[in-house]
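To start, the structure under review is shown below, and the notes come after it.
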Amino acid sequence: AETLKRLTLELGGNDASIVLDDVDPKKAAKGIFQGAFLNCGQVCLAIKRVYAHESVYDALCDELAELANNAVVDEGTKQGAQIGPLQNKMQFEKVKEFLEDARKNGKIIAGGEVMDRPGYFIRPTVVRDVTDGTKIVDEEQFGPVLPVIKVSDENDAIRRANASPWGLGGSVWSSDIDRAHKIATQMETGTVWINTHLDFGPHIPFGGAKQSGIGTEFGQEGLEEFTQLSVININKG
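Counting in the numbering used here, the sequence shown tops out at residue 238, every number present.
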């Protein structure tokens, strides 16, 4: 640019959910599924990876798989459709690459296939027995594929959730709000939800950390991005 411009940027994310050992797996799975597969996973702040405590891991995976298998995938104009297609061919091909990585490095327990019909439709996919260092966990898939990673304790979950260059959003799932809040304060993201995800309001500031953005939208803080601080210094002597 020939001149200096101020700007705010909302960039990509790889949002992590941390699931503690005191959750009701069935209840948590419903919220996590909605937070991951809304708009076929094509939301910058959607849940992209789940770190679940080993004591609830199997039950949570089973519940997520059941929700995925029962989800109605169809055109958005069709009555009863819950999940639609990917938006374009380029992203469709990228998500297929993520599916291949999931098959190699984890166990697909729901979905995993392209639907035999016109359009860029992929069944909602849940992947277990996968870990960090794989494409499906480390990169933003921006599609209907959710990896679930087993962790042994909450400190391990926090460390792994934060081991990302992105920091747009995240969530903590627990029956103990104080415990969840303590963990939320340690997550390196612009927004952390507790027992929900993708909950917005025009009065709530929204911004990213790390490589997920610059500046703030919404709320008073968002309006202040359009203002210029001016200092007037008066000598009264």
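Glycine is no exception: its CB is placed at the ideal position from the N, C-alpha and C atoms.
Taking a contact to mean a Cβ-Cβ separation below 8 Å, would you say Gly-191 touches Gly-202 in this structure? Contact check for Gly-191 against Gly-202 fails: the beta carbons are separated by 8 Å or more.
Pull the bridge partners of Gly-238 from the DSSP assignment, please. Bridge pairing for Gly-238: absent [DSSP].
Return helix, strand or coil for Leu-147, following the three-state DSSP convention. In the structure shown, the three-state DSSP call for Leu-147 is strand.
Backbone secondary structure at Asp-257 - three-state DSSP: Absent from the model: residue 257. The displayed extent of the chain is 2 to 238, so no value can be given.
Verify the contact flag: Lys-28, CB atom, against every heavy atom of the ligand NAD, threshold strictly below 7 Å. The ligand NAD is absent from the structure shown, which contains no ligands of any kind.
Which residue from Asp-133, Asn-236, Ala-82, Leu-5 puts its Cα closest to that of Asn-40? Nearest option by C-alpha distance: Ala-82.
Using three-state DSSP, classify Glu-1 as helix, strand or coil. Nothing about residue 1 can be reported from this structure: the residues present for the chain run from 2 to 238 only.
Compare the beta carbon distance of Ala-69 and Thr-9 with 8 Å and say whether it is the shorter of the two. One thing to note: Ala-69 has its Cβ no nearer than 8 Å to the Cβ of Thr-9.
Reduced DSSP secondary structure (H/G/I, E/B, other) of Val-138: DSSP places Val-138 in helix when its eight states are reduced to three.
Once you ignore the five residues that flank Pro-206 on each side, which residues in its own chain have a CB closer than 7 Å to its CB? So the list reads Thr-217, Phe-219, Gly-220, Glu-222, Gly-223, once near-sequence residues are dropped.
Sorted by chain position, which residues of the same chain lie with C-beta nearer than 7 Å to Asp-102's C-beta, five sequence neighbours on each side aside? Closer than 7 Å at Cβ, skipping near neighbours: Thr-135, Lys-136, Ile-137.
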